[in-house]
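Chemist: Residue numbers (the numbering used here), protein chains in the order written: chain U, 1 to 485; chain Y, 1 to 492. Cβ coordinates follow ideal geometry from the N, Cα and C atoms, glycine included. Note that the structure is a prediction, hence the values are computed from the model and not measured. First the structure, then my questions, so here it is.
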């Protein structure tokens, strides 16, 4: 089932690129059909697989390279609770991304979008480091193409910047993976995780930092974040949704899946440093949002701020902190996805992203206002919505080991309330400046794409138990490896 | 010469017979017949080599100057495939450019080069090595001057003069090697070096330094790369495609085998010095090659500098061999195949794109994808493979190389890995720029271009090979590991 879920998007991309040019086979319907199927498949994971005690569902293993290295390398697929939720999130956002781009007719666009979806799923279901890295790199090309050719503004620059930053990250991760391979004599993630902690040595701390910086670039955290606002600003809406919703989560997933089970003990030494970096990132991102005049940049910086919470949670190296961080990956995926959908809808109607030009558009677009208000409130962590759950768990978890950092991080919540409400006020309320001759949401694809994300935000915000239960089971591999203190 | 010896030599003899027959045939045969003749010769060579691979074990021939091995046969197959692909493609190229007369010359000289390359990789005697290397070099000078234009004549002269100096240095090196060890047989030299005491290391070092410089020139490593941009820029492009793949590959694999024999698996102080120079040269080549390529806007120059940068990666592979890693040879070989396929793919697309207007600027690629989708896709595959993006061969080649470069006994090999990995990022700058240009729609009216199916078949073959090697490199590694194991037994 897992392998099938991975293969369907690639199959879809092939079918789209080969489909005849006629009104009957519009690429958007093919893309929608296949993304629905992948979503349904992935939704079945929690029901058909048992994730108890860190078990992997749908585990498949094929021998791949047996001559190259002193040890055998297999292709292995499987999902645990963490990966399962991320795959579901990927597929959910993919449906939204297809729906929101229903007015694009290019075959190539949907082909790349499907390849993007497939390669991201590949990252989450890979249980071999080389295979993980292959999918990690594969995601680069569709992103590059989508931003370069369907983006807006200074898109070529942004796409190149994105590629180069990601490649630097990949270079560091590759070096880290090579060290891990030498230290453990294996590239099999399950096998490496079952070995427990590596022996502390200079080389291992090198590997720790290579991998950590590589993943932090992707997350992104303060000094490595500059690619994100550019990429977001110039990307088409659907790509922004995917970028904020899932691509950033790959960094967090890498830290949880690769660094913590093998080198988690180094967090005793570097936890404070990383936690402070995370806290700084929270405050820095929040302050930056206040300065931005471009709506997409506001949300991009808010993403940086929110990803800081993930790092704080992980750096605390406590069970609750890490649980909260992994929950934050999912919740931020949903919320920022929704925010970018909203921005895309506004941009489509007003043709501007300048906040100062919008002012008072609530009279013209009441439905969009509702969506954006909803997403904004979720983003600032309003209780009753999913964002609140993740953040509160992080704070409870991290307070014990990193009290000072946690206090700083909590002040970030205050900031996020400030910038979110202020931005919403400036966009939607106030004096009406311009009259746009376009209507509020009136087509089903746009409505459905937003409702798809709004539903889980409320549902799991009110009753988070099933969601947290899967995640807790998913993090058992860390407990088994002795990563969490 | 017994019948077995004859059988073992048959692929190489076929190559040289083929060269003569092709040269004569080009005077009488028309194009279709020529292609048939050439293809049948190369096919015969491949068949003979594969048959030998199953029939014979490793053996030394001709008073220990020639070492037959399965790995050698594999190399013969590889060279023959590269050769036939290059020749068939050039056939189309000359057809397009209406210079049919030259095709026979090109095919004959290329065949001679490949035949000599096959001898070179089998030779275990420095005299035989020198002869084979020189045959290759002289043929290359002729090849560059083939179109008899001003540019190519200039390039050929530059190449000749630089090459002559390199040859002299190389010859000087092997003379010292002979002087120090009193043998021309590499196996004996290797044994001598393994048992050498410190007093004789100085002269060995000196000779190895000279030999390294001589071969570094042929590989195009900085600071011995001066000829590459000129020759690439001035020479005929189908010749450059061949030079940058087959003859570079020959130099690498020769150097790899040479280093393996000299060092064995017990690296001493000689190995540390030697690997030190090579790492330095390699780092310089990677960095300066990539940095220069970033600034170029002419695709010929970009390919020239990228080939210098790739030579840098190769030299890291050589460092692993010199430091005694048993997988070093396999990693160099795998990288060579990956690089060869991708490089040829890119060169062929460049030839096809530029054949009408002889315009090699990067802008001439604008909207290539919309003019001809197949060319666009294959260019992308080639460039991604050169960058090292999975699932193409370039990725697995680079990964395996970098994995082996790290040697736990020598801490500084870490810096080589980091440096090499970061250089792939720099390289991505210009490869991705190229891809972007190929996918950017130009404002001008699009003239769709079409080529014959045989052109597409060749491109398809190379592209498929790039993907297959990327996904399943097991068999190649199996043979090359067998070779290194065998050598280790021979040396101990």
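#1: Determine whether the Cβ of residue 127 of chain U lies closer than 9 Å to any Cβ atom of chain Y.
#2: Measure the CB-CB distance between residue 28 of chain U and residue 96 of chain U and report whether it falls below 9 Å.
#3: Which chain U residues sit within Cβ distance under 7 Å of residue 425 of chain Y?
#4: Quick check for students: name the residue ranges of the alpha helix (DSSP H) that lie wholly in the stretch 162 to 220 of chain U, counting only runs of 4 or more.
#5: When you compare the CB of residue 371 of chain Y with every CB in chain U, is at least one pair closer than 9 Å?
#6: By Cβ distance below 6 Å, which residues in the same chain neighbour residue 396 of chain Y in space, the five residues on each side in sequence not counted?
#7: So with CB distances below 7 Å, who are the chain U contacts of residue 418 of chain Y?
#8: Check whether the Cβ atoms of residue 72 of chain U and residue 65 of chain U sit closer than 9 Å, and answer yes or no.
#9: Find the nearest neighbour of residue 62 of chain Y within the set Y:49, Y:123, Y:273, judged by alpha-carbon distance.
#10: How about the stretch 260 to 274 of chain U and the stretch 349 to 369 of chain U: do they share at least three Cβ pairs that are nearer than 8 Å?
#11: Using a Cβ cut-off of 9 Å (strictly closer), state whether residue 421 of chain Y contacts chain U.
#12: CB of residue 209 of chain Y to nearest heavy atom of the ligand FMN: below 8 Å?
#13: To the nearest whole angstrom, what separates the beta carbons of residue 111 of chain Y and residue 15 of chain Y, a pair I think is in contact under 8 Å?
#14: Along chain Y, which residues have their Cβ under 7 Å away from the Cβ of residue 149 of chain U?
#15: Would you mind telling me which residues of chain U sit closer than 9 Å to residue 402 of chain Y, beta carbon to beta carbon, in chain order?
#16: Does the count of Cβ pairs from the stretch 216 to 223 of chain Y and the stretch 303 to 311 of chain Y closer than 8 Å reach three?
#17: Residues of chain U with CB closer than 7 Å to the CB of residue 406 of chain Y, please, in chain order.
#18: Assuming the contact rule is C-beta atoms closer than 8 Å, residue 67 of chain U and residue 481 of chain Y should be a hit. Round their C-beta distance to whole Å, please.
#19: Among U:166, U:128, U:426, U:99, whose alpha-carbon lies nearest the alpha-carbon of residue 35 of chain U?
#20: Between the stretch 287 to 315 of chain U and chain Y, which residues of the former have CB atoms less than 8 Å from a CB of the latter, in chain order?
#21: Against chain U, with Cβ distances strictly below 9 Å, would residue 414 of chain Y count as a contact?
#22: Can you tell which of U:300, U:455, U:313 has the C-alpha that lies nearest to the C-alpha of residue 339 of chain U?
#23: Please classify residue 150 of chain U: is it buried, with 16 or more other beta-carbons within 10 angstroms of its beta-carbon, or exposed?
#24: Classify residue 67 of chain Y as helix, strand or coil using the three-state DSSP reduction.
#25: Check the Cβ of residue 432 of chain Y against every Cβ in chain U and list those closer than 8 Å, keeping chain order.
#26: If the cut-off is 7 Å on Cβ atoms, which residues from the stretch 423 to 438 of chain U count as contacting chain Y, listed in chain order?
#27: Against residue 428 of chain Y, what residues of chain U qualify as contacts under a CB-to-CB distance less than 8 Å, listed in chain order?
#28: Residues in its own chain within less than 7 Å of residue 5 of chain Y by CB, not counting five upstream and five downstream?
#29: Counting contacts by CB-CB distance shorter than 9 Å, is residue 395 of chain Y in contact with chain U?
#30: Across which residues does DSSP place residue 73 of chain U in a beta bridge pair?
#31: For residue 354 of chain U, does the three-state DSSP call read helix, strand or coil?
#32: For residue 175 of chain Y, does the count of other Cβ atoms within 10 angstroms reach 16, so buried, or fall short, so exposed?
#33: Between residue 473 of chain Y and chain U, is the shortest Cβ-Cβ distance under 9 Å, so that the two count as touching?
#34: Counting beta carbon pairs with one atom in the stretch 345 to 352 of chain Y and one in the stretch 257 to 274 of chain Y, are three or more of them shorter than 8 Å?
#35: Hey, would you say residue 361 of chain Y sits closer than 9 Å to residue 447 of chain Y, going by beta carbons?
#36: Would you mind stating whether residue 267 of chain U and residue 453 of chain U have Cβ atoms separated by less than 9 Å?
Modeler: In short, the structure shows the following:
#1: It does not; no Cβ of chain Y falls within 9 Å.
#2: Result no, Cβ atoms of residue 28 of chain U and residue 96 of chain U do not sit closer than 9 Å.
#3: Residues of chain U passing the Cβ test: 164, 167, 168, 171.
#4: Given a length threshold of 4 residues, each whole run of the alpha helix (DSSP H) inside the stretch 162 to 220 of chain U is given here in chain order: 189 to 194, 202 to 218.
#5: Interface with chain U (9 Å Cβ-Cβ cutoff): residue 371 of chain Y is excluded.
#6: Here the set comprises 470, 473.
#7: The answer, in chain order, is 175.
#8: Yes, these two residues count as a Cβ contact at 9 Å.
#9: When Y:49, Y:123, Y:273 are compared, the shortest CA-CA separation from residue 62 of chain Y is found for Y:123.
#10: With the cut-off at 8 Å, the stretch 260 to 274 of chain U and the stretch 349 to 369 of chain U do not touch.
#11: Taking a beta-carbon distance threshold of 9 Å, residue 421 of chain Y counts as an interface residue toward chain U.
#12: Looking for the ligand FMN in the displayed structure turns up nothing, as the structure carries no ligands at all.
#13: Residue 111 of chain Y to residue 15 of chain Y, Cβ: 6 Å. Contact.
#14: Correct list: 439.
#15: Chain U residues near residue 402 of chain Y: 174, 175, 178.
#16: Yes, the stretch 216 to 223 of chain Y is in contact with the stretch 303 to 311 of chain Y.
#17: Within chain U, the C-beta atoms nearer than 7 Å to that of residue 406 of chain Y come from 178, 182, in chain order.
#18: About 6 Å separates the two Cβ atoms, so the contact holds.
#19: For residue 35 of chain U, the nearest C-alpha among the options comes from U:99.
#20: Flagged: no residues at all.
#21: Flagged as an interface residue toward chain U: residue 414 of chain Y, by a C-beta distance shorter than 9 Å.
#22: Residue 339 of chain U has its Cα closest to that of U:300, out of U:300, U:455, U:313.
#23: By the neighbour-count rule (16 or more Cβ atoms within 10 Å), residue 150 of chain U is buried.
#24: Note: residue 67 of chain Y maps to strand in three-state DSSP.
#25: By Cβ distance, chain U contributes 144, 160, 163.
#26: Listed in sequence order: no entries.
#27: Residues of chain U with a Cβ closer than 8 Å to the Cβ of residue 428 of chain Y are, in chain order, 163, 164, 167.
#28: Here the set comprises 61.
#29: Among the CB atoms of chain U, one or more fall inside 9 Å of the CB of residue 395 of chain Y.
#30: Bridge partners of residue 73 of chain U according to DSSP: U:65.
#31: Three-state DSSP puts residue 354 of chain U in a strand.
#32: Exposed, because fewer than 16 other Cβ atoms sit within 10 Å of the Cβ of residue 175 of chain Y.
#33: Interface annotation, residue 473 of chain Y: in contact with chain U, CB-CB separation under 9 Å.
#34: The stretch 345 to 352 of chain Y and the stretch 257 to 274 of chain Y do not touch, with fewer than three beta-carbon pairs separated by less than 8 Å.
#35: Against a cut-off of 9 Å, the Cβ pair of residue 447 of chain Y and residue 361 of chain Y comes out as no contact.
#36: No, they are not a contact pair.
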